[in-house]
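Here the structure comes first, spelled out in structure tokens, and everything after it is commentary.
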Amino acid sequence: FGGPAGGDGGRGASVIFEVDEGLSTLLDFRYQRQFKAQRGEGGQGSNMHGKNAEDLVLKVPPGTLIKDAETEEVLADLVEAGQRAVVAKGGRGGRGNSRFATPRNPAPDFSENGE
Numbered sequence: 027f028g029g030p031a032g033g034d035g036g037r038g039a040s041v042i043f044e045v046d047e048g049l050s051t052l053l054d055f056r057y058q059r060q061f062k063a064q065r066g067e068g069g070q071g072s073n074m075h076g077k078n079a080e081d082l083v084l085k086v087p088p089g090t091l092i093k094d095a096e097t098e099e100v101l102a103d104l105v106e107a108g109q110r111a112v113v114a115k116g117g118r119g120g121r122g123n124s125r126f127a128t129p130r131n132p133a134p135d136f137s138e139n140g141e
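Counting from 27, one number per residue, gives the positions in the sequence shown under the working numbering.
Okay, structure coming up:
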């Protein structure tokens, strides 16, 4: 048996709102109300880590309030150009099988899923 060689998975993308002074309305969000950030790539053989996903940055005009849809709690009040609010942090990538090697089990055939 060869040793384990599975690398860790990449970090998932965060969802970020960012103020863009060039915008004046939220009209761009009228027809697309759901956004989904990408997953990180899975780990590869030879202990190669998977790529982290690119964060999903949504541009909004100054004066935008970000609220929790269920509780109506204000999460962010975006007023200054370039101001950002992370509303969903990307998950940690899973651990590859090489992380689980022990003297008793030098070639584990399992890994851990990411968050």
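Just so you know, even glycine gets a beta-carbon here, dropped at the ideal spot from N, CA and C.
A quick note: this is a predicted structure, and the numbers were derived from the prediction, not measured.
Can you find the residues in the same chain that come closer than 8 Å, C-beta to C-beta, to Q64, ignoring five residues on each side of it along the sequence? Only G38, A39, A79, E80 and L82 meet the Cβ criterion.
Counting only beta-carbon separations shorter than 9 Å, does K93 have a partner in chain B? No chain B is part of this structure, which consists of one protein chain only.
Bridge partners for R110 per DSSP, in chain order? Partner(s): E44.
By Cβ distance below 7 Å, which residues in the same chain neighbour R121 in space, the five residues on each side in sequence not counted? Answer for R121: D34, S137 and E138, listed in chain order.
Starting from the N-terminal side, write out each stretch of the alpha helix (DSSP H) that is 4 residues or longer and does not extend beyond the segment 40-90. Within the segment 40-90, no alpha helix (DSSP H) run of at least 4 residues lies entirely inside it.
Just list the residues that DSSP pairs D103 with in beta bridges. Looking at the DSSP assignment, D103 forms a beta bridge with L91.
Could you name the residues of the same chain whose beta carbon sits closer than 6 Å to that of G117, not counting the 5 residues immediately before and after it, in chain order? The beta carbon of G117 sits closer than 6 Å to the beta carbons of G38, G140 and E141 from its chain, once the five residues preceding and following it are set aside; these are given in chain order.
Any idea if L52 is buried or exposed, counting beta-carbon neighbours within 10 angstroms, 16 or more meaning buried? Burial call: exposed.
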